[in-house]
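Residue numbers (my numbering), protein chains in the order written: chain A, 1 to 304; chain B, 305 to 533.
Backbone N, C-alpha and C define an ideal beta-carbon position, used for all residues, glycine too.
For reference, the structure discussed in these notes is given below.
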Amino acid sequence: MRLSTVFREAVSGLRRNVAMVVSIILVTFLSLTFVGTASLLQMQVAQMKNYWYDKAEVAVYLCSTISPANACPQGQASEDIKTAVTAKLNEDTLKPFINNFYFEDHAQAYKHFQEQFKGNTVAKYVTKEQLNETFWVKLKDPQKSQIVTETFTGFAGVEEVRDQRSYLDQIFNILNAASLAAIGVATLMLFSSALLISTTIRLSAFSRRREIGIMRLVGASNFYIQLPFVLEGIVAATVGSLLAGGAVLAIVQFFVQGVLAPKLPFTNLVGLPDALTVFPILVGVGVLLAAIASGSAIRRYLRV
Amino acid sequence: MISISNVTKQYKGAPRPALDDVSIEIDKGDFVFLVGTSGSGKSSLLRLMLREDVPSKGSVSVLGENLVAIASRRIPQFRRNIGMVFQDFRLLPNKTIFENIAFSLEVTGASRSKIADKVPAALNLVGLSEKAGRMPNELSGGEQQRVALARAFVDTPALLLADEPTGNLDPATSAEIMRLLEKINEGGTTIVMATHDRGLVDMARKRVVVLDQGRIVRDERGSGYVGQE
Ligand SMILES: Nc1ncnc2c1ncn2[C@@H]1O[C@H](COP(=O)(O)OP(=O)(O)OP(=O)(O)O)[C@@H](O)[C@H]1O
Ligand SMILES: [Mg+2]
Numbered sequence: 001m002r003l004s005t006v007f008r009e010a011v012s013g014l015r016r017n018v019a020m021v022v023s024i025i026l027v028t029f030l031s032l033t034f035v036g037t038a039s040l041l042q043m044q045v046a047q048m049k050n051y052w053y054d055k056a057e058v059a060v061y062l063c064s065t066i067s068p069a070n071a072c073p074q075g076q077a078s079e080d081i082k083t084a085v086t087a088k089l090n091e092d093t094l095k096p097f098i099n100n101f102y103f104e105d106h107a108q109a110y111k112h113f114q115e116q117f118k119g120n121t122v123a124k125y126v127t128k129e130q131l132n133e134t135f136w137v138k139l140k141d142p143q144k145s146q147i148v149t150e151t152f153t154g155f156a157g158v159e160e161v162r163d164q165r166s167y168l169d170q171i172f173n174i175l176n177a178a179s180l181a182a183i184g185v186a187t188l189m190l191f192s193s194a195l196l197i198s199t200t201i202r203l204s205a206f207s208r209r210r211e212i213g214i215m216r217l218v219g220a221s222n223f224y225i226q227l228p229f230v231l232e233g234i235v236a237a238t239v240g241s242l243l244a245g246g247a248v249l250a251i252v253q254f255f256v257q258g259v260l261a262p263k264l265p266f267t268n269l270v271g272l273p274d275a276l277t278v279f280p281i282l283v284g285v286g287v288l289l290a291a292i293a294s295g296s297a298i299r300r301y302l303r304v
Numbered sequence: 305m306i307s308i309s310n311v312t313k314q315y316k317g318a319p320r321p322a323l324d325d326v327s328i329e330i331d332k333g334d335f336v337f338l339v340g341t342s343g344s345g346k347s348s349l350l351r352l353m354l355r356e357d358v359p360s361k362g363s364v365s366v367l368g369e370n371l372v373a374i375a376s377r378r379i380p381q382f383r384r385n386i387g388m389v390f391q392d393f394r395l396l397p398n399k400t401i402f403e404n405i406a407f408s409l410e411v412t413g414a415s416r417s418k419i420a421d422k423v424p425a426a427l428n429l430v431g432l433s434e435k436a437g438r439m440p441n442e443l444s445g446g447e448q449q450r451v452a453l454a455r456a457f458v459d460t461p462a463l464l465l466a467d468e469p470t471g472n473l474d475p476a477t478s479a480e481i482m483r484l485l486e487k488i489n490e491g492g493t494t495i496v497m498a499t500h501d502r503g504l505v506d507m508a509r510k511r512v513v514v515l516d517q518g519r520i521v522r523d524e525r526g527s528g529y530v531g532q533e
């Protein structure tokens, strides 16, 4: 087996089918760029999920002056109730699950509300007493919020128990669905590039059927006959996937970090290290895809 | 060397078999003409010998290989022991004469020194040493066929198959090719040649096998195109 000969054949094939090779490069470039962006989006969602879930707390809202009567028959929560809730949170049944908790009184709740709804007309009309006093409970494992919810639901003087994760779940379900859809589209694009590669290789084989016939005649092994075609596909796809990797790096560096990051100062956005993990995966996927697509195409062509 | 027994070749959709219960033995060093009208099955028989096709029935054994049972990955190795030439030369148009001949050695993994050794020898045999750097389209038909012969013979195969090698050539050039084939045969290479060239067959007085509608109707040594009767 002379590798120089194989490479020469591959190069001559590449030169002869420039338009086709360019189309392989473009389609792998586009589809892998999409794959790369979709996986970064997935990473971003996962990162945000971690971040926010870690911050999520369980709120035990105590009855206020405007709480509905069915939840709060005794009206506004008394000092006794606050003591009872504190005691309950410190009991051995709950304590092991709790990282820490703190009490937010009317004044603090009012302050937060004013900050949050600054400029909004509700901020003018709401009074301190209308806002719930709240026990904010931070759990060791946010997954195990149920035990707190169960303990305080129906507890005297408690209006409602709310796990913040329930809000986050809705948001992240939507984000997740969006990024999964992107991955679905990316997979379709990959599939179509595989088809294009195999068509291109078949055309390339057809345009060289004379050479192939002569190679078989003089006793070249199948591997030797097939190798230039597989290399042809791999070279083109490698160029495409390197371009795609470069595009993903550029998107992260110039768009995510350059444009988005200054506008979203409190969000932890994907950065170059993430893009650099995606890069070799893209090239690997591109090369593997091309090897499989062109290998099976040429094998099927030669069988008939 | 070649042993074919009770071979029938039925192509799909053909009304009658291309070869019909054909049996033939060819020994080492033989020179055999395959003759017969167009469609009588000459090319089909040669294709079976090169294992380009398998018989529908019967057995084919060439150079000690059972070609009905041979594993497909061993076929390339088998073909390296056989040279083949065709009516249409089958040269690579984008390679020089030298490269065309070297190509058949390269694909078998021959070393540079072997190529540097054997290609000029083959070119010398067919008398085309000065044209080594030319492209095939710069050569006459006869010269191109000589290149094809050099390519077939470059690795000194034990068997050379030729399917109408003089079909596109004028009588003088045909005679030249024939002289080359006889020279190769004298070196010990077995030759099986399908031809319509009556003059060549009559002149050479070799073994003649006549096919008619896929059957062997005559097999005679030292014979002519038509036979003695
Ligand atoms: N691939 C094929 N598929 C179907 N039929 C075929 C095929 N090849 C040959 N035949 C048929 O088989 C018969 C024998 O063909 P073959 O080519 O062996 O004849 P031949 O003696 O070489 O003829 P010629 O002198 O014209 O070259 C013919 O009837 C031909 O039509
Ligand atoms: Mg024929």
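Any heavy atom of ligand 1 closer than 7 Å to the CB of Lys346 (chain B)?
-> yes
Determine whether the Cβ of Pro359 (chain B) lies closer than 8 Å to any Cβ atom of chain A.
-> no
With 16 as the cutoff for other CB atoms within 10 Å, does Ile171 (chain A) come out buried or exposed?
-> exposed
Contact list for Ile214 (chain A) against chain B, beta-carbon separation under 7 Å = Arg394, Leu396
Less than 8 Å between the CB atoms is what I'm expecting for Met20 (chain A) and Thr200 (chain A), so what's the real figure, rounded?
-> Cβ-Cβ separation between Met20 (chain A) and Thr200 (chain A): approximately 4 Å, consistent with a contact (criterion under 8 Å).
Counting along the chain, where does the beta strand (DSSP E) carrying Thr312 (chain B) start and finish?
-> 306 to 313
Span of the beta strand (DSSP E), counted from its first residue to its last, around Thr134 (chain A) = 134 to 139
Near Ile251 (chain A), what residues of its chain come up, given a Cβ to Cβ distance below 7 Å and the 5 sequence neighbours on each side ignored?
-> Thr37
Cβ shell of Val60 (chain A) (< 7 Å), same chain only, five flanking positions each side left out = Val85, Thr134, Phe135, Val137, Phe152, Val158, Val161
beta-carbon Ala181 (chain A) near ligand 1 non-hydrogen atom, thresh 7 Å = no
Report the neighbours of Ser221 (chain A) on chain B: residues whose CB is nearer than 7 Å to its CB, in chain order.
-> In chain order: Pro380.
Pairwise C-alpha distance: Ala414 (chain B) and Leu429 (chain B) = 20 Å
Determine which residues share a DSSP beta bridge with Thr494 (chain B) and list them.
-> The bridge partners DSSP lists for Thr494 (chain B) are B:Leu463.
Are the CB atoms of Lys346 (chain B) and Leu338 (chain B) nearer to each other than 8 Å?
-> yes
Consider the Cβ of Ser408 (chain B): report whether some Cβ of chain A lies at a distance smaller than 8 Å.
-> Yes, contact with chain A.
Boundaries of the beta strand (DSSP E) in which Glu403 (chain B) is found, first to last residue = No beta strand (DSSP E) holds Glu403 (chain B); the alpha helix (DSSP H) holding it covers 401 to 410.
What does a CB cutoff of less than 8 Å around Gly13 (chain A) pick up in its chain, not counting 5 residues either side in sequence?
-> Ser204, Arg208, Pro228, Phe229, Glu232
Is any beta-carbon of chain A found at less than 8 Å from that of Val411 (chain B)?
-> yes
Give the secondary structure of Ile328 (chain B) by DSSP, where H, G and I count as helix, E and B as strand, and everything else as coil.
-> strand
For Asn176 (chain A), which residues of its own chain have a beta-carbon under 7 Å away from its beta-carbon, when the five flanking residues on both sides are left out?
-> Val45
Closest Cβ-Cβ distance between Arg377 (chain B) and chain A: below 8 Å?
-> Taking a beta-carbon distance threshold of 8 Å, Arg377 (chain B) counts as an interface residue toward chain A.
Whose Cβ in chain A lies nearer than 8 Å to the Cβ of Arg384 (chain B)?
-> Val218, Gly219
Expressed to the nearest angstrom, what Euclidean distance is found between the alpha-carbon atoms of Phe101 (chain A) and Val285 (chain A)?
-> Looking at the two C-alpha atoms, the distance is approximately 48 Å.
Starting from the C-beta of Val287 (chain A), find all residues in its chain whose C-beta is less than 8 Å away, skip the five residues before and the five after it, and write them out in chain order.
-> Ile234, Ala237, Thr238, Ser241
Can you pull the DSSP bridge partners for Met43 (chain A)?
-> None; Met43 (chain A) has no bridge partner.
Exposed or buried, Pro96 (chain A), counting other C-beta atoms within 10 Å across all chains shown (16 or more means buried)?
-> Label assigned to Pro96 (chain A): exposed.
Proximity to Glu534 (chain B) [Cα-Cα], best of B:Arg509, B:Ser433, B:Thr460, B:Asp459 = Absent from the structure is residue 534 (chain B), since the part of chain B shown begins at 305 and ends at 533.
Helix, strand or coil: how does DSSP classify Phe29 (chain A) here?
-> Helix at Phe29 (chain A).
Chain B partners of Glu211 (chain A), CB-CB under 7 Å?
-> Leu396
Given that a residue counts as buried once 16 or more other Cβ atoms are within 10 Å of its Cβ, and exposed if not, what is Lys422 (chain B)?
-> buried
Got a sec: is the Cβ-Cβ distance from Thr388 (chain B) to anything in chain A below 8 Å?
-> Looking at the sequence itself, residue 388 (chain B) is Met, so the reference to Thr does not match. Cβ-Cβ to chain A under 8 Å: yes for Met388 (chain B).
To the nearest angstrom, report how far apart Asp325 (chain B) and Leu515 (chain B) are at their CA atoms.
-> Asp325 (chain B) and Leu515 (chain B): Cα-Cα distance of roughly 12 Å.
In the DSSP assignment, find the beta strand (DSSP E) that holds Ala59 (chain A) and state where it starts and stops.
-> For Ala59 (chain A), the uninterrupted beta strand (DSSP E) run begins and ends at 58 to 62, by DSSP.
Residue burial classification, Asp467 (chain B) (beta-carbon count within 10 angstroms, cutoff 16) | buried
Report whether the distance from the Cβ of Asp467 (chain B) to the nearest heavy atom of ligand 2 is below 7 Å.
-> Indeed, a heavy atom of ligand 2 lies less than 7 Å from the Cβ.
Pick out whichever of A:Lys263, A:Glu129, A:Leu195 has its Cα sitting closest to the Cα of Ile66 (chain A).
-> A:Glu129
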